[in-house]
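Residue numbers (our numbering): 7 to 161.
Here a beta-carbon is modelled for each residue, glycine too, at the ideal position from N, C-alpha and C.
The next block holds one structure in the form of structure tokens; read it before the comments.
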């Protein structure tokens, strides 16, 4: 993986700390030690049972993403080439879950009721959006011709 400048190790380290915390919180909520209805902060009428089912499924996916993210961090700091692919595979569903999460809380009115909490959550994700952009750029460059699906090398 390309390590341009000092920012990349910091972004990857942040991702590791962020996902270790994410993994811990997911285990707490998914194990029932804390009710899933408490997070994310609900709209005025509380979370509909279908929404809590969504949060549970997203939590399960987030748990798998967090484990893969920690693998990426270990591979990155170990200097292994496969770190780039582990980063892409962990960051892509993370980005999807982030956008799905934000759309869901905005559509239900929870964002309007708890703007401070949701702004903080999104600010904490900014470095991960930057990391995703860097990983995508590096995958693009490593693929040789600037595209992941270019089969000209096989000809």
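Distance, residue j Cα to residue i Cα
i	j	result
residue 42	residue 51	15 Å
residue 126	residue 132	10 Å
residue 142	residue 88	14 Å
residue 8	residue 149	Here residue 8 scores only 48 on pLDDT, less than 50, and its place in the model should not be relied on; the value that follows carries that caveat. Cα to Cα, residue 8 sits roughly 13 Å from residue 149.
residue 18	residue 105	21 Å
residue 83	residue 101	22 Å
residue 54	residue 135	30 Å
residue 23	residue 56	31 Å
residue 80	residue 90	11 Å
residue 38	residue 62	11 Å
residue 28	residue 147	30 Å
residue 94	residue 14	14 Å
Within 8 Å, strictly: CB atoms of residue i and residue j
i	j	result
residue 67	residue 99	yes
residue 169	residue 138	Any answer about residue 169 is impossible in this case: the structure gives the chain only from 7 up to 161.
Cβ-based neighbour list, residue i, same chain, cut-off 6 Å, excluding 5 preceding and 5 following
i	result
residue 69	32
residue 154	At residue 154 the pLDDT is 47, less than 50, meaning the model places this residue with poor confidence and gives no usable figure here.
residue 85	none
Neighbourhood of residue i by C-beta, 8 Å cutoff - its chain only, sequence neighbours within 5 removed
i	result
residue 160	With a pLDDT of only 43 at residue 160, under 50, the local geometry of the prediction cannot be trusted, and the value read off the model is given with reservation. Cβ neighbours of residue 160 beyond the five flanking positions: none.
Segment limits, alpha helix (DSSP H) that includes residue i
i	result
residue 63	55-83
residue 37	Premise fails: residue 37 is in no alpha helix (DSSP H) and is neither H nor E.
residue 46	Note, residue 46: premise wrong, no alpha helix (DSSP H); not H, not E.
residue 87	Counting along the chain, residue 87 falls outside any alpha helix (DSSP H), and DSSP gives it neither H nor E.
Residues near residue i by beta carbon distance below 7 Å, same chain, minus five either side
i	result
residue 162	One cannot answer for residue 162 here, as it falls past the ends of the chain, which runs 7 to 161.
residue 77	92
residue 116	46, 47, 48 and 49
residue 25	72, 75 and 76
Heavy atom of the ligand COA within 7 Å of residue i beta-carbon
i	result
residue 112	Within the structure as shown, the ligand COA is missing, as the structure has no ligands at all.
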